[in-house]
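J.: No gaps in the numbering here: position 507 of the sequence shown is 498 in my numbering, and each next residue is one more.
We treat Cβ as the ideally placed atom computed from N, Cα and C, and that holds for glycine.
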Amino acid sequence: MFTALLALGLSTTAQAAVVSGQTTALVANADAGDPAPINLVKTGQYHTARARLANDVKVSANSTLTVDVAGVGGLPLSGLDSVALNISAKGDWFNSGSLALYPSGGMEPQTTALEYNPNFYLANLVTAKVGTDGRVKVVNRSDQAVKVYLDVQGYTLTLEDPAVTGGASYVPLAPVTVVDNQSVPLNGTFQLQALGQGGVPQQGVDAVALNIATLSPRDSGTLRVFPDGEGLPVDATIDYVPNRMLQNSVIAKVGANGKIDIHNLSLGATAVWVEVTGYFSHAGVEPEHLALEPLVPARIATAVSVPAGGDTLLAPRGLGGVPGTTDVSGVGIALDAKSTAGAGAVQVYPSLAANPSSRTVNYQAGNPVSGFTFAKLGSDGNVVLHNAGSAPVTVSVDVYSYTRQLPQTEPDMGDEGGSYLTNVTQPSADECAQASADFGTDLGATCALGTEVTVGPAQDTEPPAPPTAAAAAVPPRPAAAGTSAASATAAWKYRYVSATACYSTGKPKWGSGSGWKCKIAKATVNGEFKYNGSRVYALWVSSSKGDTYGADVAITWAGTWNNGAARGSYPGYMDIGLNGTVKLTKYMTRSFYIRIDCWPSGKVSLRGGGA
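1) Just to confirm the assignment: which complete beta strand (DSSP E) runs, minimum length 3, are found wholly within the segment 249 to 293?
2) Please list, in chain order, all residues of the same chain as residue 108 whose beta carbon is under 8 Å from its beta carbon, the five residues on each side excluded.
3) Leaving out five residues on either side along the sequence, give the residues of the same chain with a beta carbon under 7 Å from the beta carbon of residue 671.
4) Residue 311: which of 232, 296, 291 and 344 sits nearest, CA to CA?
5) Quick one: measure Cβ to Cβ for residue 227 and residue 215, integer angstroms, because I've assumed they're closer than 8 Å.
6) Return the Cβ separation of residue 160 and residue 272 in integer angstroms, given the expectation that the two are a contact with Cβ distance under 8 Å.
7) Three Cβ pairs or more, each shorter than 8 Å: is that satisfied between the segment 160 to 177 and the segment 324 to 341?
8) Is it true that the CB of residue 92 sits closer than 9 Å to the CB of residue 609?
9) When you compare only the Cα positions, how much space is there between residue 384 and residue 96?
10) With distance defined between alpha-carbon atoms, name the residue in 221, 378 and 209 nearest to residue 176.
11) What are the complete beta strand (DSSP E) segments, minimum 3 residues, inside the segment 73 to 135?
12) Does the segment 303 to 319 come within contact of the segment 346 to 362, defined as at least 3 CB pairs closer than 8 Å?
13) If you drop the 5 nearest sequence neighbours on each side, which residues of the same chain put their C-beta closer than 7 Å to that of residue 182?
14) Pick helix, strand or coil for residue 344, following the three-state DSSP scheme.
15) Taking the alpha carbon of residue 149 as the point to measure from, which residue in 335, 285 and 64 has its own alpha carbon closest?
16) Could you pull out every residue in the same chain whose Cβ sits closer than 6 Å to the Cβ of residue 242, ignoring the five residues on either side in sequence?
17) So the candidates are 422, 180 and 267; which of them puts its Cα closest to the Cα of residue 189?
18) Can you tell me whether residue 361 is helix, strand or coil according to DSSP?
19) Counting only the same chain and skipping the five closest in sequence on each side, list residues whose C-beta sits under 6 Å from that of residue 211.
20) Assign residue 211 to one of three DSSP states: helix, strand, or coil.
21) DSSP on residue 335, reduced to helix/strand/coil?
22) Hey, could you find the ends of the beta strand (DSSP E) residue 41 is sitting in?
23) Looking at the structure shown, is residue 142 part of a helix, part of a strand, or coil, going by DSSP?
24) Would you report the Cα separation of residue 235 and residue 426, rounded to the nearest angstrom?
25) Using DSSP with H/G/I as helix, E/B as strand and the rest coil, what is residue 189?
26) State the Cα-Cα distance for the pair residue 376 and residue 322, rounded to the nearest angstrom.
27) Look at the alpha carbon of residue 304 and the alpha carbon of residue 364, and state the distance between them as a whole number of angstroms.
28) One question on the structure: do residue 196 and residue 186 come within less than 9 Å of each other, judged by their Cβ atoms?
29) Using a 10 Å radius around the Cβ and a threshold of 16 neighbouring Cβ atoms, would you call residue 309 buried or exposed?
30) Look at the Cβ atom of residue 362, then the Cβ atom of residue 328, and state whether they are nearer than 9 Å.
31) Go through its chain and collect everything with a Cβ distance to residue 294's Cβ below 7 Å, but skip five positions before and after it.
32) Rounding to the nearest angstrom, what Cα-Cα distance links residue 332 and residue 356 in this structure?
33) Between which residues of its own chain and residue 382 is the CB-CB distance below 6 Å, once the five residues before and five after are set aside?
34) Residue 531: buried (16+ other C-beta within 10 angstroms of its C-beta) or exposed?
35) Check each candidate in 66, 394 and 179 and name the one with the smallest Cα separation from residue 258.
36) Indicate the three-state DSSP secondary structure (helix, strand or coil) for residue 232 in the structure shown.
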């Protein structure tokens, strides 16, 4: 690794430290750079970043290394929750061993982040929780020293501010092979089209979670994975050697053209294999978009023997700090595989799903090996560990993180009202091009479509109707038992609410202020919704097409049905029932106005994904 970097002319300046006995040393800023300003976003959203934390640092036998993370190489100075950390290590003498990784300030866990040997560098990427002091600890479990590289690929934050955009939410996928036995020439680069295959959408993607492997190369070399259009990174994804099938995980930032480069620095060609296990999306916060929650590493399966061609089920919910709730849809797990008699691969995939022929961990007889993956849970909450090998394999599993649905907190409009975005989606390139032509404005290839919701102030008396709205009588609120209709009606509150379908350049985010983001809107469809304390009614009063034309419109509210009134029908009104969703699902050059009459609190809730 070190010689290859020199040949490329890349900076290899290191602040190396030797840690002896049980003492602890600090490694600060192995890759100099100005600290980045903190971008406060929803907890659990991911930011791509590159930073070297430790450069060929020697850690003595049975010692602990404490490493600065916050503020290093442009990472935020505070608020770090986790980093995607690539660990690469080689025994310094004739020794093999293992490394453990955990947040500073915590107890050392009985887990394994990486198994290493003295012959060549092995690597494994994990999601590492950062201590409250902005540091992580690395433990060398060996009677001899080890040389270690630590490289960050991204991070999440502990802080939360829904008014600030940024970051990407995680979408898990069942593993899909997107590259199989692709030859990459010596000192050559293979361009992987990351978008539009393996379940990854065409747009709105910041990074993809990949497993990558070399397939029995003839020469030694390194593979580096990086965004197309950006410079070659200093850190290697895989250091490979002849006749060994080696793998690693990577969270690969996607280039502006949707491609990822895989560069082979070697004296010969090598074949690569790539599978995708998920992606990080900035195209709004929808129910399938998840937060990445780091954990203090914990062992959730110990020395489980899986027979050749056999399976074992892993049920992560409720283990190792993973909540036992059904909203947990995936886990970040490290596997340690050992076999005494044969070679093969441990495949990890959702239970109740077809075997994807993946290669999460490739093992050989007598060589313990580590691997990491973001494992999507099956509908029953389990994942399958399948032994695609010719001999039994013993597997231990450590959990480092889990994914859950991002909370969608309704913005509080208060008595004076306000506006926000909801139902933010990423249209196709063709839809963006058509919208640009219709509006005479270049919205760009990453345009977004959202619903701008504006809630007016609460009023005790019914305000004037919208200019295009026809006058209509308010249906009487059915009186609850023991309450007169007159007294119930007197408690009504009124608000106007407008919801406008509009395109935007940039990356609007659910819940954020929308006035400056929604630049294009044409209000040509008008309607009213009326809520009388137990149900919602809609009155369409004008439309450029005479109807809603392409709008999928219903309503969700946050309140209490307080009198159990039965469904009713009123002249000129459309009874839309008790629950639904405000949703504009297609490109359109029109909006609609709605009015919701709320009793008794006057609160209004309009949001995507249900009440």
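T.: Reading it off the structure:
1) 250 to 257 and 261 to 272
2) Counting from one through the sequence shown, the residue named residue 108 turns up at place 117. Only 81, 82, 87 and 358 meet the Cβ criterion.
3) Outside the displayed range of the chain (-8 to 602) lies residue 671, so it cannot be described from this structure.
4) Here residue 311 refers to the residue found at position 320 of the sequence shown. Taking only the C-alpha atoms, the option nearest residue 311 is 291.
5) The residue given as residue 227 occupies position 236 in the sequence shown. The residue given as residue 215 occupies position 224 in the sequence shown. About 6 Å; that satisfies the 8 Å criterion.
6) To locate residue 160, count along the sequence shown from 1; it is residue 169. To locate residue 272, count along the sequence shown from 1; it is residue 281. That belief holds up - the Cβ atoms of residue 160 and residue 272 are roughly 6 Å apart, short of 8 Å.
7) yes
8) Because the chain in this structure spans residues -8 to 602, residue 609 falls outside the shown range and cannot be described.
9) For the purposes of this step, residue 384 is taken as residue 393 along the sequence shown, with counting starting at 1. For the purposes of this step, residue 96 is taken as residue 105 along the sequence shown, with counting starting at 1. The alpha-carbon atoms of residue 384 and residue 96 are separated by roughly 35 Å.
10) Locating residue 176 in the sequence shown gives position 185, counting from the first residue. The shortest Cα separation from residue 176 among 221, 378 and 209 belongs to 209.
11) 88 to 94, 105 to 107, 113 to 120 and 126 to 132
12) no
13) Taking the first residue of the sequence shown as 1, we reach residue 182 at position 191. Cβ within range, chain order: 219, 250 and 252.
14) Translated into the one-based positions of the sequence shown, residue 344 becomes position 353. Residue state, collapsed to three classes: coil.
15) Here residue 149 refers to the residue found at position 158 when the sequence shown is read from its first residue. Among 335, 285 and 64, the Cα nearest to that of residue 149 is on 285.
16) Translated into positions along the sequence shown, residue 242 becomes position 251. These residues qualify, in order along the chain: 75, 144, 145, 198 and 200.
17) Here residue 189 corresponds to residue number 198 of the sequence shown, with the count starting at 1. Nearest C-alpha to residue 189: 267.
18) For the purposes of this step, residue 361 is taken as residue 370 along the sequence shown, with counting starting at 1. In this structure, residue 361 counts as strand in the three-state DSSP scheme.
19) Here residue 211 corresponds to residue number 220 of the sequence shown, with the count starting at 1. Taking residue 211 as the centre and dropping the five residues before and after it, the same chain places the C-beta of 232 closer than 6 Å to its C-beta, in chain order.
20) Within the sequence shown, residue 211 is the residue found at index 220, counting from 1. If DSSP states are grouped into helix, strand and coil, residue 211 belongs with coil.
21) Taking the first residue of the sequence shown as position 1, residue 335 is located at position 344. Residue 335 falls in the strand class under three-state DSSP.
22) Taking the first residue of the sequence shown as position 1, residue 41 is located at position 50. Unbroken beta strand (DSSP E) run through residue 41: 37 to 50.
23) Position 151 of the sequence shown, counting from 1, holds the residue named residue 142. Three-state DSSP puts residue 142 in a strand.
24) Taking the sequence shown and counting its residues from 1, the one referred to as residue 235 is at position 244. Taking the sequence shown and counting its residues from 1, the one referred to as residue 426 is at position 435. C-alpha separation (whole angstroms): 52 Å.
25) Here residue 189 refers to the residue found at position 198 of the sequence shown. Three-state result, residue 189: coil.
26) Position 385 of the sequence shown holds residue 376. Position 331 of the sequence shown holds residue 322. Approximately 13 Å, taken between the alpha carbons.
27) Residue numbering aside, residue 304 sits at position 313 when the sequence shown is read from its first letter. Residue numbering aside, residue 364 sits at position 373 when the sequence shown is read from its first letter. Going from the Cα of residue 304 to the Cα of residue 364 covers about 16 Å.
28) Taking the first residue of the sequence shown as position 1, residue 196 is located at position 205. Taking the first residue of the sequence shown as position 1, residue 186 is located at position 195. Yes, the Cβ-Cβ distance between residue 196 and residue 186 is below 9 Å.
29) Translated into positions along the sequence shown, residue 309 becomes position 318. With fewer than 16 Cβ atoms within 10 Å of its Cβ, residue 309 is classed as exposed.
30) On the sequence shown, position 371 is the one that residue 362 refers to. On the sequence shown, position 337 is the one that residue 328 refers to. Taking 9 Å as the Cβ cut-off, residue 362 and residue 328 qualify as a contacting pair.
31) Working through the sequence shown from its first residue, we reach residue 294 at position 303. Excluding sequence neighbours, residue 294 sits near 385 and 387.
32) Taking the sequence shown and counting its residues from 1, the one referred to as residue 332 is at position 341. Taking the sequence shown and counting its residues from 1, the one referred to as residue 356 is at position 365. Going from the Cα of residue 332 to the Cα of residue 356 covers about 5 Å.
33) The residue given as residue 382 occupies position 391 in the sequence shown. Contacts found: 299, 330, 332 and 333.
34) Numbered from its first residue, the sequence shown carries residue 531 at position 540. Confidence at residue 531 is low in this model, with a pLDDT of 34, below 50, so the placement of that residue should be treated as unreliable; the coordinate-derived value is given next. Buried, by the Cβ-count rule.
35) Counting from 1 along the sequence shown, the entry for residue 258 is found at position 267. Here the closest residue by C-alpha is 179.
36) Numbered from 1 along the sequence shown, position 241 holds the residue referred to as residue 232. Residue state, collapsed to three classes: coil.
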